[in-house]
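Taking UniProt numbering, the leading residue of the sequence shown gets 1, the next gets one more, and so forth.
C-beta atoms are modelled at their ideal positions from N, C-alpha and C, and glycine is treated no differently.
On a predicted model such as this, the values are computed, not experimentally measured, just so you know.
What follows is a short report on a single structure.
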Amino acid sequence: MNLPVFKITTREAGAGVVLVLTGELDLAGAPDLNEALTEAREAGGALTLDLSELEFIDSSGLGVLVRFHNAAEAAGYEYSVIAGPPQVHRAFVLSGLDQALPFAARA
């Protein structure tokens, strides 16, 4: 049985970076995401978190994003989030995080 592997791809975008999340973000991948987000914030510059290739997110993944959001907000660090597919975005809607996190407007 092949389960979708969680992967973070970093690509440069102007004066910042885009973190593209792929696969399933669960307890196993949460520490990797936390590390990538911390490194991006400490490096400065713009950050875009792209969830468009994410297939699943559980409460541990949501928790990492909440902690990052709180730290970023306290530090005055701005970032944006590109929403994932409907099954992923639903977790944000059900938890109310769709109203808290800075989701970019859909084109």
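With burial defined as no fewer than 16 other Cβ atoms inside 10 Å of the residue's Cβ, what is the status of residue 36: buried or exposed?
-> buried
How big is the Cα-Cα spacing for residue 6 and residue 90?
-> C-alpha of residue 6 to C-alpha of residue 90: approximately 19 Å in a straight line.
Would you list the one or two residues that DSSP bridges to residue 11?
-> 18
In its own chain, which residues sit with a C-beta less than 8 Å from the C-beta of residue 27, not counting the 5 before and 5 after it?
-> Same-chain partners within the cutoff: 58, 60.
In whole angstroms, what is the alpha-carbon distance linking residue 107 and residue 31?
-> With a pLDDT of 48 at residue 107, under the threshold of 50, the modelled position of that residue is not reliable, and no figure is offered here.
Alpha carbon to alpha carbon, what distance is there between residue 87 and residue 4?
-> 15 Å
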